[in-house]
Amino acid sequence: MEMRELIRQAKILALLEEQEAKKRQMEEEMERWKKEQEEKITVIQAEEEEEKEEVEVEEERPLERRRGGGSTSKDAEIAERAQESAVHLESGEDQEVEMTVPEEEREAAGRQIEAERDPVKRRAKEEEQQMAWRYRLSQERVRRLEAAERAKKDLRAAEVRMGKIRAETELATKLDTLIQSVEALLVAQREQMQYERSQDIKINGIRSGFKDFACDMMKHLLTEVHIAINKTREFCTRQASGP
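Per UniProt numbering, the very first residue in the sequence shown carries number 1; after that it's consecutive.
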């Protein structure tokens, strides 16, 4: 596989790892927020249990004392504490809304609410705006969780692809090494054949030269023998004819 494709896959993997880290951070923030809300709910439930026990104690008292003004004050105190707990729960969401909603949008909404002169309508608009922002916040949380889940799946798919790429790269490297080895063997064999051919040419040349030399020597010897025979024949003829 080309180096460009490997670089692209590496960038995708880095991006997915970054998204996975952001997802873990968001999950940690969500878990922390849930824990805070659970703690607040636990406090409220404990207070309610305490108030319930106090009410039961009041019920065990004589009827005339239970009908006194103390019961009314306790009910008012319970209602006040419940309202304070609800306010604390909402304040946590309001703080998160303030961090999520842009400041310009919050200021614009505040100006529109302040423009309303009727206190009842102004309060209704405030609550409506807060509910709209909280709904947007919940939708944003859902969207982030879904995006984080998709990023997690993409990361797993990318890891699988990278594993295949590594396997293919290793196989390609092995094939390249094998091809290079075969090419080296072919080159060595070719050089060996060329060397043997050159040696054969040299040997053939030596043989051919030796044959030519032998032929020349034989011709020379035959010529000398013929000359010697002719001279001997002439000498014998002169001796036979006499002086």
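Virtual Cβ for every residue (Gly too), placed ideally from N, Cα, C.
Please read these numbers as outputs of a predicted model, since none were measured by experiment.
Starting from residue i, trace the alpha helix (DSSP H) in both directions and tell me its first and last residue.
i, result
"Arg111", "103–115"
Mapping DSSP to helix, strand and coil, what is residue i?
i, result
"Asp154", "helix"
"Asp118", "coil"
"Gln19", "helix"
"Gln194", "helix"
Are residue i and residue j closer than 8 Å when you measure CB to CB?
i, j, result
"Lys23", "Ala148", "yes"
"Glu20", "Ala151", "yes"
"Gln139", "Ala109", "no"
"Glu126", "Ile113", "yes"
State yes or no: is the C-beta of residue i nearer than 7 Å to some heavy atom of the ligand HEM?
i, result
"Tyr135", "Only the bare structure without any ligand can be found here, which leaves the ligand HEM out of the picture."
TODO: Kindly confirm or deny that the region 13–26 and the region 151–161 touch, where touching means at least three C-beta pairs closer than 8 Å.
DONE: yes
Open item on the list: Check whether the region 140–155 and the region 24–42 touch, using three or more Cβ-Cβ pairs below 8 Å as the test.
Closed with: yes
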